[in-house]
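Numbering (the working numbering), first residue to last: 1 to 301.
For each residue, glycine too, the CB sits at the ideal point set by N, CA and C.
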């Protein structure tokens, strides 16, 4: 059934009427699904068809419809909206593929390839709520599980583009060296590529160094540690937020979503820095970019 919000809840009689109309629409949908051969399908199939109907109706109405006299028209309107979102999603996917950092990370490569198959497998008329592809690459900020179907895919791609934008500000060799020092096997393991890059640009901005160099030296890590010794949690949170905004300006990240994404990221750094300082080293939070050139060459032989 629809996700009914309290402020939009219907009187019991109206809600019962809606349930009846929804059942009638489901019968029609089953007939379409079986191409007119039958009004009977397995229980599991009927449940998925109903979930798809509810998702599509919510897309059309952006919530719970008060005027539900014609669910058929509302459903067809939802299908058209979803079809437009599919077109938008394909553009987002192409942009994500073109901007993806060339680091050799298998999860990112495979996930983008799998989303390429999504457009062939997605059935917006009968199973609009489903996500028929495998998504392994972890974003720093996970997409809310409440999003379904094309809405989930499009949001995931928007956030991939946001992460790619920051990573794309640096030379590939520099990013690879940073990733290698951050994770022993940055190609095969399920790691987020944005996190170490974002952490270093914020760390450098914290102490007035340019985030454009990306590399954080041992001396700079000590400077960050000393800075945090003097700050309360509230003061540190403000410093981190300001550092994120400073980094965005220095790297010409003017897109509001990019600024917001990095600012949210900065809020999660406080406890990581405190814990690492207590352990005696910030190297795990701000890894260096320095590495031998041979390692980079070996990855692309």
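DSSP places residue 149 inside the alpha helix (DSSP H), whose first and last residues are 149-167. When rounded, the separation of the alpha-carbon atoms in residue 73 and residue 113 is 35 Å. Per the Cβ contact rule, the segment 242-255 is in contact with the segment 198-217 (3 or more Cβ pairs under 8 Å). With contact defined as three or more Cβ pairs closer than 8 Å, the segment 160-168 and the segment 266-277 are not in contact. Per DSSP, residue 268 lies in no alpha helix (DSSP H) and is assigned neither H nor E. Its chain contains no residue whose beta carbon lies nearer than 6 Å to that of residue 23 once the 5 sequence neighbours on both sides are disregarded. Per DSSP, the continuous alpha helix (DSSP H) segment holding residue 182 begins and ends at 172-182. Taking C-alpha positions only, residue 290 is separated from residue 174 by approximately 8 Å.
Each of 60, 158, 242, 56 was checked against the Cα of residue 95, and the nearest Cα belongs to 158. Remark: three or more beta-carbon pairs, one from each stretch, lie closer than 8 Å, so the segment 90-109 and the segment 185-196 are flagged as touching.
Residue 129 is positioned such that its CB atom lies closer than 8 Å to that of residue 52. Check the Cα spacing between residue 269 and each of 258, 188, 244: the tightest is with 244.
In the three-state reduction of the DSSP assignment, residue 77 falls in the helix class.
Contact annotation, residue 231 with residue 216: C-beta distance approximately 18 Å; criterion of less than 8 Å not satisfied. Fewer than three pairs of CB atoms, one per stretch, sit closer than 8 Å, so the segment 134-147 makes no contact with the segment 222-242. For residue 59 and residue 79, the gap between their C-alpha atoms comes out near 8 Å. By the Cβ-count criterion, residue 29 is buried, with 16 or more other Cβ atoms from all chains shown falling within 10 Å of its own Cβ. Per DSSP, residue 51 is one residue of the alpha helix (DSSP H) stretching across 43-61. Rounded to whole angstroms, residue 37 and residue 136 show a C-alpha spacing of 39 Å. Distance from the CA atom of residue 84 to the CA atom of residue 123, rounded to whole angstroms, is 14 Å. In the three-state reduction of the DSSP assignment, residue 34 falls in the coil class.
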